[in-house]
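Asks: Numbering-wise, the sequence shown is residues 321 to 708 according to this note's numbering. Each residue gets a CB set at the ideal place from its N, CA and C atoms; glycine is no exception. Since the structure is predicted, the reported quantities are computational estimates derived from the model, not experimental observations.
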Amino acid sequence: MTTAESTIILGTYGYSPGLEGVPAGETAICQLDEGGAGLRYRGYAIGDLAARATFEEVAYLLLRGTLPTKSELKDFSSELASLAVLPDRILAFLATVPRDTHPMDLLRTAVSWLGLLDREPRHPLREAQLRASIALLTQIPLVIGTAHRLAMGDGVVTWDPGMGFAENLLSFLTGQKGDGRARAMARALEVSLILYAEHEFNASTFSARVTASTMTDLHSAVTAAIGTLKGPLHGGANEAVAEMFVSIGNPNLAEAWVKSALAEKRRIMGFGHRVLKQGDVRSDIIQREAERLSDLCGERRWYDIARAVDLAVRRERGLHPNLDFYTAVVYLLMGIPRVLYTPVFVCSRIAGWCAHIIEQQEHNRLIRPRALYKGPAPEAYVELDDRR
Ligand SMILES: CC(C)(COP(=O)(O)OP(=O)(O)OC[C@H]1O[C@@H](n2cnc3c(N)ncnc32)[C@H](O)[C@@H]1OP(=O)(O)O)[C@@H](O)C(=O)NCCC(=O)NCCS
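#1: Quick check on this structure: which residue in MET424, PHE413, THR458 and SER432 has the alpha carbon closest to the alpha carbon of PHE375?
#2: Taking all protein chains shown into account, decide if GLY473 is buried (16 or more other Cβ within 10 angstroms of its Cβ) or exposed.
#3: In whole angstroms, what is the alpha-carbon distance linking ALA415 and VAL476?
#4: Please name the residue, chosen from ALA371, THR534 and HIS468, that lies closest to GLU510 on a Cα-to-Cα basis.
#5: Give every residue of the same chain whose Cβ lies closer than 8 Å to the Cβ of VAL601, excluding the five residues on either side of it in the sequence, and list them in chain order.
#6: Is it a yes or a no for the region 598-613 touching the region 559-578, going by three-plus beta-carbon pairs under 8 Å?
#7: Hey, is LEU339 close to ligand 1, as in C-beta under 6 Å from one of its heavy atoms?
#8: Among the candidates GLU699, ALA452, MET654 and GLY484, whose CA atom is the shortest distance from the CA of ALA675?
#9: If I measure Cβ to Cβ from LEU549 and keep anything under 6 Å in the same chain, skipping five residues before and after, which residues do I get?
#10: How is the alpha helix (DSSP H) around ARG669 delimited, first residue to last?
#11: Does the Cβ of PRO481 have 16 or more other Cβ atoms within 10 Å, making it buried, or fewer, making it exposed?
#12: Can you name the start and end residues of the beta strand (DSSP E) that GLN351 belongs to?
#13: Ligand 1 and PHE591: does the residue's C-beta get closer than 6 Å to at least one heavy atom of that ligand?
#14: For LEU515, report the span of its alpha helix (DSSP H) as first-last.
#15: Just to check my reading of the structure: LEU489 and GLN496 have Cβ atoms closer than 8 Å, yes? What is that Cβ distance to the nearest angstrom?
#16: Which of the three DSSP states, helix, strand or coil, is assigned to LEU490?
#17: Ligand 1 and LEU426: does the residue's C-beta get closer than 6 Å to at least one heavy atom of that ligand?
#18: Hey, is ARG594 close to ligand 1, as in C-beta under 6 Å from one of its heavy atoms?
#19: If you draw a straight line from the alpha carbon of PHE645 to that of GLU559, how long is it in whole angstroms?
#20: Should SER336 be labelled buried (16 or more other beta-carbon atoms within 10 Å of its own) or exposed?
#21: With a threshold of 16 other CB atoms inside 10 Å of the CB of VAL542, please say whether the residue is buried or exposed.
#22: Around the Cβ of THR466, are there at least 16 other Cβ atoms within 10 angstroms (buried) or fewer (exposed)?
#23: To the nearest angstrom, how far is the alpha carbon of TYR693 from that of PRO657?
#24: Please state whether DSSP places TYR361 in a helix, a strand or coil.
#25: Beta carbon of ALA628: closer than 6 Å to some heavy atom of ligand 1?
#26: Just the C-alpha distance for THR647 and PRO689, rounded to the nearest angstrom, thanks.
#27: Return the CA-CA distance between GLU377 and LEU631, expressed in angstroms with no decimal places.
#28: In three-state DSSP terms, what is PHE591?
#29: According to DSSP, is PRO571 helix, strand or coil?
#30: Thinking ILE605 and LEU427 are a contact (beta carbons under 8 Å), I'd like their distance in whole angstroms, please.
#31: From the DSSP output, which residues share a beta bridge with PRO418?
#32: Applying the 10 Å Cβ sphere with the 16-neighbour rule, what's the burial state of HIS443?
#33: Would you list the one or two residues that DSSP bridges to PRO641?
#34: Please state whether the Cβ-Cβ distance between VAL649 and VAL578 is less than 7 Å.
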């Protein structure tokens, strides 16, 4: 078949660079309204979940399909705590990683290791996948927390079954726990985790589904997803946003900074979205959280810089902030080290990834699209001796 014929036949299927606007599968996990106003996890509005649920309830909802009853939630929390241990070999690996390793690289490798060490039976498939997913929900914070503490010359972290998921994570990352201020911080962190937990066929989830569609194991699909999330056009944006706020330094300098960045054709991190061109309901929710926490901490500088950048970018380009933008304010106020922002995203999105991996394999069809060939026309093979 000639290049031209191949192109014509593929052309009958339509083509959209970056798969923009292309439905690439079916899901019962997340409903995303392109206008940006609507986002539902398994039918429940994100505004209700962020205002009223815990992260554990949301993780249960995503993985098991329904909101838990009180006793189901109690059992789920006990299961999380009982699986919250890291094998000795992972602890040994964390102790030997070079100190300047980015935590996302470390996490990707650690999850691959956890897959290697997972000797649990793989049947029945659904139960095995749920158990592995729930284990990862606590193992990932333990990996991040332990690596962070080791880098600071401290010891390993351990899961406190008397505290919720967000409280444990906050204490691993910042050492804060127990008092009223720490509880308020943990709730703000929890809201961000709920907002980050799931977002339909985003790049990392799609990557997980492509990998899962070969019917490989769950850890392989999660490893692929972590590598995909790391990039600055996806999960890496929250870290880049905080770097921008630090380099601007003062709300009065924000507008000039934005104008000069745009004049140099640089992208402003934390703005724009492939699907949500008219704004993102999650950004509105985390913005309110960022303002509330700024007042609570008596520190308005990051919020005021963010607000000034937001207004300037809207005015100059008509772009809306995405979830990563005001989340950076929340994490700066908490004192979470910047390199840990994207790993915190993983602590949450792992729930969505695993729900999608399970859904993909339960209704599997290998994901194998086609490419439009744009290379050279057919050439006659030239023997090595005859090449010039
Ligand atoms: C998320 C993102 C990759 C979506 O990109 P996309 O759907 O492919 O949109 P495009 O790259 O086609 O952008 C459309 C236009 O808006 C501009 N644009 C999009 N995001 C921009 C940003 N953050 N800063 C400046 N300009 C931006 C593009 O330059 C392009 O302008 P042009 O038509 O004049 O060339 C993009 O908005 C981006 O890079 N954002 C910054 C990174 C980020 O915050 N990522 C987290 C996403 S949740």
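Replies: On the basis of the data shown:
#1: The sequence position of residue 375 within the sequence shown is 55, counting from 1. Nearest of MET424, PHE413, THR458 and SER432 to PHE375, Cα basis: THR458.
#2: As a working mapping, residue 473 is identified with position 153 in the sequence shown. Exposed, because fewer than 16 other Cβ atoms sit within 10 Å of the Cβ of GLY473.
#3: Sequence index remark: in the sequence shown, residue 415 carries index 95 (1-based). Sequence index remark: in the sequence shown, residue 476 carries index 156 (1-based). About 10 Å.
#4: As a first step, residue 510 must be located in the sequence shown, where it is residue number 190. That would be ALA371, whose Cα lies nearest to the Cα of GLU510.
#5: Looking up residue 601 in the sequence shown gives position 281. If we look at VAL601 and ignore the five residues flanking it on each side, its Cβ neighbours are GLY356, ALA357, GLY358, LEU359, ILE366 and GLY367.
#6: no
#7: Counting from 1 along the sequence shown, the entry for residue 339 is found at position 19. Answer for LEU339: no, Cβ out of range of ligand 1.
#8: Looking up residue 675 in the sequence shown gives position 355. Checked all of GLU699, ALA452, MET654 and GLY484; the closest Cα to ALA675 is ALA452.
#9: In the sequence shown, the residue the question calls residue 549 occupies position 229. Within the same chain, LEU549 has close Cβ partners SER524 and GLY555.
#10: Position 349 of the sequence shown holds residue 669. Here the alpha helix (DSSP H) through ARG669 covers 661-682.
#11: In the sequence shown, residue 481 corresponds to position 161, counting from 1. Exposed.
#12: Position 31 of the sequence shown holds residue 351. Unbroken beta strand (DSSP E) run through GLN351: 350-352.
#13: Against the sequence shown, residue 591 aligns to sequence position 271. Flag set: Cβ of PHE591 near ligand 1.
#14: Residue mapping note: residue 515 aligns to position 195 of the sequence shown, counting from 1. Start and end: 500-516.
#15: Here residue 489 corresponds to residue number 169 of the sequence shown, with the count starting at 1. Here residue 496 corresponds to residue number 176 of the sequence shown, with the count starting at 1. Rounded, the Cβ-Cβ distance is 11 Å, inconsistent with contact.
#16: Locating residue 490 in the sequence shown gives position 170, where the first residue counts as 1. Reduced to three states, the DSSP call for LEU490 is helix.
#17: Residue mapping note: residue 426 aligns to position 106 of the sequence shown, counting from 1. The answer is no for LEU426.
#18: Position 274 of the sequence shown holds residue 594. Answer for ARG594: yes, Cβ within range of ligand 1.
#19: The count along the sequence shown starts at 1 and reaches residue 645 at position 325. The count along the sequence shown starts at 1 and reaches residue 559 at position 239. Answer to the nearest angstrom: the Cα atoms are 9 Å apart.
#20: In the sequence shown, residue 336 corresponds to position 16, counting from 1. Exposed, since its Cβ has fewer than 16 Cβ neighbours within 10 Å.
#21: Reading the sequence shown from its first residue, position 222 is the one you call residue 542. Buried: at least 16 other Cβ atoms inside 10 Å.
#22: Here residue 466 corresponds to residue number 146 of the sequence shown, with the count starting at 1. Looking at its Cβ environment, which holds 16 or more other Cβ atoms inside 10 Å, THR466 is buried.
#23: Sequence index remark: in the sequence shown, residue 693 carries index 373 (1-based). Sequence index remark: in the sequence shown, residue 657 carries index 337 (1-based). Straight-line Cα distance between these residues: approximately 45 Å.
#24: In the sequence shown, the residue the question calls residue 361 occupies position 41. Strand, per DSSP.
#25: Working through the sequence shown from its first residue, we reach residue 628 at position 308. False, no ligand heavy atom lies under 6 Å from that Cβ.
#26: The residue you call residue 647 lines up with position 327 of the sequence shown. The residue you call residue 689 lines up with position 369 of the sequence shown. Going by the C-alpha atoms only, they are around 35 Å apart.
#27: For this step, residue 377 is matched to residue 57 along the sequence shown. For this step, residue 631 is matched to residue 311 along the sequence shown. Taking the straight line joining both Cα atoms gives about 35 Å.
#28: Position 271 of the sequence shown, counted from the start, is the residue given in the question as residue 591. Of the three classes helix, strand and coil, the one that applies to PHE591 here is strand, per DSSP.
#29: Sequence index remark: in the sequence shown, residue 571 carries index 251 (1-based). The answer is helix: DSSP assigns PRO571 an H, G or I state.
#30: For this step, residue 605 is matched to residue 285 along the sequence shown. For this step, residue 427 is matched to residue 107 along the sequence shown. Incorrect: roughly 26 Å between the Cβ atoms, too far for contact.
#31: Counting from one through the sequence shown, the residue named residue 418 turns up at place 98. PRO418 is not bridged to any residue.
#32: For the purposes of this step, residue 443 is identified with residue 123 of the sequence shown, where counting begins at 1. With fewer than 16 Cβ atoms within 10 Å of its Cβ, HIS443 is classed as exposed.
#33: In the sequence shown, the residue the question calls residue 641 occupies position 321. PHE591, per the DSSP bridge assignment.
#34: Position 329 of the sequence shown, counted from the start, is the residue given in the question as residue 649. Position 258 of the sequence shown, counted from the start, is the residue given in the question as residue 578. Not closer than 7 Å, so no.
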